[in-house]
């Protein structure tokens, strides 16, 4: 998708108006060449404008998705405001009653405020007013939250952490904006002095570290303070929000936009936190655009906010985000943050591909942008959103490694996620050069994600479990090489943040997407280099399609090491081409630390030199075979997660580990091949057996050649040059079975018949 | 659903016509009072009639589901018949190439025959003719199949077992009927003498044991022979098919209808084999109805064929069959056998509820009945199919125990399956009085089903795995009491078939469905009695709904025993109300035999006397808490399947086992309570904790009283009388906490406030 090169369809809006001096709305609408020009000088004018409200009031009188959503939301709000206002004394941590109640309150105030604008029924405004007045009574009396976790996260007052307090204010400042015109001066004074000014002070000058932090907590806080500044007419707060408390530009929203995203809009912590961070970025940007359009915030850094929204979509497969780093795996594109992001992006760009995503999100927002989306969906204007193969350069300069996505369609969407990315701060996992594979909607080679049951009190208070550190973050929990049973960077976040892999190349042609990366700093004295290629062979006459992933992982050192390469597979083990020595009556634990203490050793094998194959069956009904080249000394270890897990916190998932011991250099070469179908419902099984008959790997100079031989003596040779710097017109040649082959650039796939 | 009391809408058809003497179709259609009367004296007239064909030829000219299906099927058939005819020499067993090819051939002949009737394009008929001629060349030369498994199953010639041969003939006899009018006398003679007469002889007089067997193999065989008899005009074969080889009525189709189904249409082997058996029952019945309507086959035994179709639907939850006995768990209502059954039943009854099922099946058949379904769905005539709470009496008299289904809707469909059913022959599991629970579309308390990877060669040739006997059939693999670590009936099928539980009662009122059953023969000297109740409390003002299952399992003996009651739960363990002694670094195996050798012992506990609770989280996002009354001596054992499984054949599922040792009598009392929601996508968790605060159980005389106390000192008392024979107006009373309570009949739920 390339909606950044389009002229942004930004409405022209007058400079920041003094609308808080007035409670009378003056709305002038005129249509000039199809562009609506709205002049609003009163409430609402923070994120939504009076012009938006006019359109929405009209839309709820016409049949369509927007009206249906309005009716449903109104019923929900009506039911809630029929209950007494409940503003409990803060007591519980995340997931607990008072925590959830205060969360519900801000959402309810926002929703009721919007109902007031849409229906002009004063009851809604009164409800919000009364709740705000209750908060204004309570807030000045509050000490720090009793469940605060000192030293770990900044404490809040309404909530255990100030992050939630900022979130509360992002919504509540909007709710206030929505009902502002209904309030008298005394009410405004009480609410502003009793609530908004103290909470802004608490979040800004009283918490300089969080406020100035270039981090998503900082984004929520600056957005909350800046938005409140617009509503209260405190432009100084806005300046602080944009440039940091001292307005030097070393903190604040703009440097967050500069630092936290790569030039392509990738967020350093990964998609799970990217979507979380998206909401304050998008919402505050929208507020800036509404109040100070001359700042051209959506054009800032070549349209970084819109790029970030688009990148968040690209970072998904079958509606779910790629679960790298600390990530709850069921989070996907229907998350409210991205619903909001897509609506705002569509409002600005009118890109029809966004409607495809909006349709899948299946949630209409009662906002001006939500209306635009709803009306476009009513008209069925959506076009397929284009998911791409892309390497997202990491870091603010885009040069600190990359997160690589490879995609192709072979009777269904396939994706390889390759992660030569930077550490991604405290939520990052130690999984340099790891990969994941997806096919027909399912995870095939998987990542554990975070060890956490969000908000489930019985599971460590709903926080990240201890096993998140002892298992999920450790290298062995991922699909990358572990040296001497130690974790990358010895599990030091500081060291991880200070180092990153190098992306050597990312290229593609019609049938192949290929990428290579390396890192020398994950282990002292050991160089790791991995090349992954996602390949689709030309369709056979029979209509049969063949695809596979080639994986060449090279570890080199001057000293001898143990190299482990795990494959965390999803499915049921069907067969192995070698004999298994399975533990029958007692399961030992695989290791002592760095995640190994959580693995049961279920079986092991030492296949003879040559081709070794492991086949499993995924829930999607397909078979997957991992074919590896064995040297007769490498062993295979089959594991299950679950040892040293006294409270059953971990999911009992399976892996096999390719282990080479006492070796200076070792190259793991393997091919993952989807095949066949198991259909017990219709009672047929086809192609349950791999079609690969031989694998070989040769390296001469900088040229790697992987031979994959199929039935009928047909072989494919994947040749690539992964040297650090080559010319774009580099000419390469190699000899294979006595014949000379030549290719230009980085790679080529040859088909040969023996 | 009660479509059996309706007058069946059977077409009047002339007695068996001598249509094989003629190749000219004479079709007279007249409309009398809305009833179509078809007079057909030629091909087709086995299952489909000339009148059906006239309707279908008209329908493929009109827009609708039928036409769309026709176009798709035609494209598929055209593609297949463009290839050369392939009739390979039989060589492979199930799942192998020649096996699958001969299966494809019969389906293709049937489809091409139907295309001939629909399009009148002679190419289709020629293709079928040529394939039949090829088979006619081959068949007389065939020895018994090389992969036959002697002593186990009757061998075939085209296939490894005669069952497949019969299936082949059920389809091929129809294909022949469909193209009969296109053949000359010489062709017919060759096909009939070279193919049909030899195969009929092989399946009937040469295999008297299978032919006369009252078993689904017998049904396929008699259907195949009888249908071929109609097409070839060999009424003697039909007589043999109906009454056994000696026509005594001791074998044959009619005694199969008498013996294999209960009066309510439940098939002794359970739903997985019921749907499998359904096809020959329904298809042969349809052929009898077409050719000899005076037999009134669909009225036979009070409409047993239609009852069997309906029972098959009732035996499903969320589109999948309850997986009791040997069952592949992904089999459900969209299976072709039930698609066919629903179409035939709809053709006869026009019951709109069947259209609801047909819609979910999402497959239109190119048959006369398929057309009726398609046209009704085009008109959106479907009405919700009514799934009921029902006790299916087992055995031909319906008195050999029962299979009990309890259902209710509590924000989603819930179901309890309770199995005081008979053994169900060789595919039966040793699981007397076991139960399963389903909620919001998912299994919560589950049954393993069969240990089998259907047709996956690498998994024991795709047959039932050895672990099907060593694990899946064993009692410990189910949710019922195991005495002294031994399996019911000592795993003797013969003993199992000779004994069955007694259904004591099955009753329901607005909020409760309750059933009780007992068995004294599963273990010598031990009586087992279980009562299960599915309960929905009246909705609270807040709209909150509460439901639970009460389980009272009483084991009594003169001698001391060890009693184990497992709960095979689906989900992730969240919390226990007692401390777990978890195996951290080594997993031992739980036992030595009878299935125990496959269980890893993960943790154990000995909760103190009183309430003990175990909570897990299912993939459906709900929490489930098992609350049990503990006596301080009973222990809890947490297990995972997977020990002694050298080839990774078993799924690694979890259970906990309530174990009471050295006891003559013991009553397990527990309550399963669905609650709350875990929604990591929308980031909320509610009611993750059970609302039950106390459980008690009292028994005086025949009255059991289970007290379930919730917050706020609200208690519910479930009182029931499970004595073997009571009067329908039985008056019961009991004293609880000093107060006297009274109820009539079997049970009552009292609400009290302490």
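Chains as they are written, first to last, in the numbering used here: chain A, 753 to 1506; chain B, 753 to 1506.
Quick reminder that beta carbons are idealized off the backbone N, C-alpha and C, glycines included.
Problem set entry | C-beta atoms of residue 1065 of chain A and residue 1090 of chain A nearer than 9 Å | Here residue 1065 of chain A refers to the residue found at position 313 when the first chain is read from its first residue. Here residue 1090 of chain A refers to the residue found at position 338 when the first chain is read from its first residue. Taking 9 Å as the Cβ cut-off, residue 1065 of chain A and residue 1090 of chain A qualify as a contacting pair.
Problem set entry | Per DSSP, cross-strand counterpart(s) of residue 1335 of chain B | Against the second chain, residue 1335 of chain B aligns to sequence position 583. Per DSSP, none; premise fails for residue 1335 of chain B.
Exercise. Does residue 1446 of chain B have its Cβ less than 9 Å from a Cβ in chain A?
Worked result: Working through the second chain from its first residue, we reach residue 1446 of chain B at position 694. The C-beta of residue 1446 of chain B comes no closer than 9 Å to any C-beta of chain A.
Problem set entry | Interface flag, residue 791 of chain B vs chain A, CB-CB below 9 Å | The residue given as residue 791 of chain B occupies position 39 in the second chain. In this prediction, residue 791 of chain B has a pLDDT of 32, which is less than 50 and means its spatial position is unreliable; what the coordinates show is noted afterwards. Chain A contact via Cβ: absent.
For this session: Check the Cβ of residue 1430 of chain B against every Cβ in chain A and list those closer than 9 Å, keeping chain order.
Result: Numbered from its first residue, the second chain carries residue 1430 of chain B at position 678. Those within 9 Å of residue 1430 of chain B in chain A are 1205, 1206, 1207, 1208.
Problem set entry | residue 1278 of chain A and residue 1245 of chain A closer than 9 Å at C-beta | The residue given as residue 1278 of chain A occupies position 526 in the first chain. The residue given as residue 1245 of chain A occupies position 493 in the first chain. Here residue 1278 of chain A is not near residue 1245 of chain A, since their CB atoms are 9 Å or more apart.
Exercise. Can the beta-carbon of residue 697 of chain A be found closer than 9 Å to that of residue 947 of chain A?
Worked result: Residue 697 of chain A lies beyond the residue range present for chain A, which begins at 753 and ends at 1506; the question has no answer from this structure.
Problem set entry | Segments assigned beta strand (DSSP E), at least 3 residues, entirely inside the stretch 1094-1178 of chain B | Listed in chain order, they are 1142-1145, 1154-1161, 1165-1171.
For this session: Take the Cβ of residue 1031 of chain B as the centre, count every other Cβ of all protein chains shown within 10 Å, and call the residue buried at 16 or more, exposed below.
Result: Residue mapping note: residue 1031 of chain B aligns to position 279 of the second chain, counting from 1. Looking at its Cβ environment, which holds 16 or more other Cβ atoms inside 10 Å, residue 1031 of chain B is buried.
Exercise. Any Cβ of chain B within less than 9 Å of the Cβ of residue 1302 of chain A?
Worked result: As a position in the first chain, residue 1302 of chain A is number 550, starting the count at 1. So no, residue 1302 of chain A is outside the interface.
Exercise. Does the beta carbon of residue 1215 of chain B come closer than 9 Å to any beta carbon on chain A?
Worked result: Numbered from 1 along the second chain, position 463 holds the residue referred to as residue 1215 of chain B. It does not; no Cβ of chain A falls within 9 Å.
Exercise. Residues in the stretch 1218-1234 of chain B with C-beta within 8 Å of chain A's C-beta atoms, listed in sequence order?
Worked result: Residues: none.
Exercise. Does any CB atom of chain B fall closer than 9 Å to the CB of residue 852 of chain A?
Worked result: On the first chain, position 100 is the one that residue 852 of chain A refers to. Judged by the 9 Å Cβ criterion, residue 852 of chain A is in contact with chain B.
Problem set entry | Local Cβ density within 10 Å of residue 781 of chain A, reported as buried at 16 or more and exposed below that | Along the first chain, one-based indexing puts residue 781 of chain A at 29. Reliability fails at residue 781 of chain A, whose pLDDT of 32 lies under 50, so the model's placement of it is uncertain and no value is given.
Problem set entry | Interface partners of residue 1080 of chain B on chain A, CB under 7 Å | Residue mapping note: residue 1080 of chain B aligns to position 328 of the second chain, counting from 1. The contacting residues are 1432.
Problem set entry | Exposure label - residue 1078 of chain B; buried when at least 16 CB within 10 Å | The residue you call residue 1078 of chain B lines up with position 326 of the second chain. Around the Cβ of residue 1078 of chain B, a 10 Å sphere holds 16 or more other Cβ atoms; the residue is buried.
Exercise. If we cut at 9 Å on Cβ distances, does residue 1395 of chain A have a partner in chain B?
Worked result: As a first step, residue 1395 of chain A must be located in the first chain, where it is residue number 643. At least one chain B Cβ lies under 9 Å of residue 1395 of chain A.
For this session: Could you run through the stretch 1325-1357 of chain A and flag, in chain order, every residue whose CB is less than 7 Å away from some CB of chain B?
Result: Flagged, chain order: 1325, 1326, 1327, 1332, 1334, 1336, 1337, 1338, 1339, 1340, 1341, 1352.
Exercise. When the Cβ atoms of the stretch 873-890 of chain B are set against those of the stretch 836-852 of chain B, are three or more pairs found closer than 8 Å?
Worked result: Contact between the stretch 873-890 of chain B and the stretch 836-852 of chain B is established, with three or more Cβ pairs separated by less than 8 Å.
Exercise. So, is the C-beta of residue 1195 of chain B closer than 9 Å to a C-beta in chain A?
Worked result: On the second chain, residue 1195 of chain B is found 443 positions in, with the first residue counted as 1. Chain A places no beta carbon closer than 9 Å to that of residue 1195 of chain B, leaving this residue out of the contacts.
Exercise. Distance, Cα to Cα, residue 1094 of chain A vs residue 1072 of chain A?
Worked result: On the first chain, residue 1094 of chain A is found 342 positions in, with the first residue counted as 1. On the first chain, residue 1072 of chain A is found 320 positions in, with the first residue counted as 1. If I take the Cα positions, the gap works out to 15 Å.
For this session: Using only alpha-carbon positions, find the residue among A/959, A/958, A/921, A/1411 that is nearest to residue 984 of chain A.
Result: As a working mapping, residue 984 of chain A is identified with position 232 in the first chain. Out of A/959, A/958, A/921, A/1411, A/921 has the C-alpha closest to the C-alpha of residue 984 of chain A.
For this session: Assign residue 1027 of chain A to buried or exposed, taking buried as 16 or more other Cβ atoms, counted over all protein chains shown, within 10 Å of its Cβ.
Result: Mapped onto the first chain, residue 1027 of chain A falls at position 275. Result: buried.
Exercise. If you draw a straight line from the alpha carbon of residue 1489 of chain A to that of residue 1506 of chain A, how long is it in whole angstroms?
Worked result: For the purposes of this step, residue 1489 of chain A is identified with residue 737 of the first chain, where counting begins at 1. For the purposes of this step, residue 1506 of chain A is identified with residue 754 of the first chain, where counting begins at 1. C-alpha separation (whole angstroms): 9 Å.
For this session: Mind checking which residues open and close the beta strand (DSSP E) that includes residue 835 of chain B?
Result: For this step, residue 835 of chain B is matched to residue 83 along the second chain. First-last for residue 835 of chain B: undefined, no H or E at that position.
Exercise. Got a sec? Which residues, its chain only, sit under 8 Å from residue 1133 of chain B by beta carbon, not counting five neighbours each side?
Worked result: Here residue 1133 of chain B refers to the residue found at position 381 of the second chain. Hits under 8 Å: 1104, 1107.
Exercise. Can you find a C-beta in chain A that's less than 9 Å from the C-beta of residue 1369 of chain B?
Worked result: On the second chain, position 617 is the one that residue 1369 of chain B refers to. Under the 9 Å criterion on CB atoms, residue 1369 of chain B is classed as interfacial with respect to chain A.
Problem set entry | Below-9 Å beta-carbon distance, residue 968 of chain A vs any chain B residue | Residue 968 of chain A sits at position 216 when you count from the first residue of the first chain. So no, residue 968 of chain A is outside the interface.
Problem set entry | the stretch 847-854 of chain B / the stretch 866-886 of chain B touching (three or more Cβ pairs under 8 Å) | No, because fewer than three Cβ pairs between the stretch 847-854 of chain B and the stretch 866-886 of chain B fall closer than 8 Å, the two stretches do not touch.
Exercise. Between the stretch 1451-1459 of chain A and the stretch 1392-1402 of chain A, are three or more C-beta pairs nearer than 8 Å?
Worked result: Not touching, per the Cβ criterion.
For this session: Flag residue 826 of chain B as yes if its beta-carbon sits less than 9 Å from any beta-carbon of chain A, otherwise no.
Result: Locating residue 826 of chain B in the second chain gives position 74, where the first residue counts as 1. Residue contact check for residue 826 of chain B against chain A: no CB pair falls below 9 Å.
Problem set entry | Residue nearest to residue 1199 of chain A in terms of C-alpha spacing, selected from A/1166, A/1465, A/1207, A/1187 | Stepping through the first chain from its first residue, residue 1199 of chain A is reached at position 447. The option with the nearest alpha carbon to residue 1199 of chain A is A/1187.
Exercise. Among the residues of its own chain, which have a CB less than 6 Å from the CB of residue 1212 of chain A, if the five just before and after it don't count?
Worked result: In the first chain, counting from the first residue as 1, residue 1212 of chain A sits at position 460. Counting only Cβ-Cβ distances below 6 Å, and skipping sequence neighbours, we find nothing.
Exercise. Among A/1300, A/1307, A/1171, which residue has its Cα nearest to the Cα of residue 1276 of chain A?
Worked result: As a first step, residue 1276 of chain A must be located in the first chain, where it is residue number 524. Cα-wise, what sits closest to residue 1276 of chain A is A/1307.
For this session: Could you tell me which chain A residues have their CB closer than 8 Å to the CB of residue 1528 of chain B, listed as they occur along the chain?
Result: Nothing can be reported for residue 1528 of chain B: it is not among the residues displayed for chain B, which extend from 753 to 1506.
Problem set entry | Three-state class that DSSP yields for residue 1006 of chain A in the structure shown | Counted from its first residue, the first chain places residue 1006 of chain A at position 254. Under the three-state reduction of DSSP, residue 1006 of chain A is assigned to helix.
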